[in-house]
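In our numbering, the protein residues as written are 590 to 663.
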């Protein structure tokens, strides 16, 4: 395997992951919301922050999985 081939393969793998930077940002926001809900907020807002954070995390993973499946099937 030549260095050009390995670079091309690395770019192909990176390009095949759709919306990768945005996915990481949304996951980060979801984790921050869950942490705020668990450790900072009290009362009903604590549950809302946790629910929003978990729904952002799960939604991002579902969209990522569906998009990866879409790209794999062509």
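From the three backbone atoms N, C-alpha and C, an ideal C-beta is built for every residue, glycine too. None of these values were measured; they are calculated from a predicted model.
Coarse secondary structure for residue i, derived from DSSP in three states
i           : result
residue 630 : coil
residue 639 : helix
residue 617 : helix
residue 654 : helix
residue 648 : helix
Beta-carbon proximity check, residue i vs residue j, cutoff 8 Å
i           : j           : result
residue 622 : residue 642 : yes
residue 645 : residue 615 : yes
residue 626 : residue 639 : yes
Residue of the options minimising C-alpha distance to residue i
i           : options          : result
residue 619 : 650, 633 and 663 : 650
residue 610 : 631, 653 and 630 : 653
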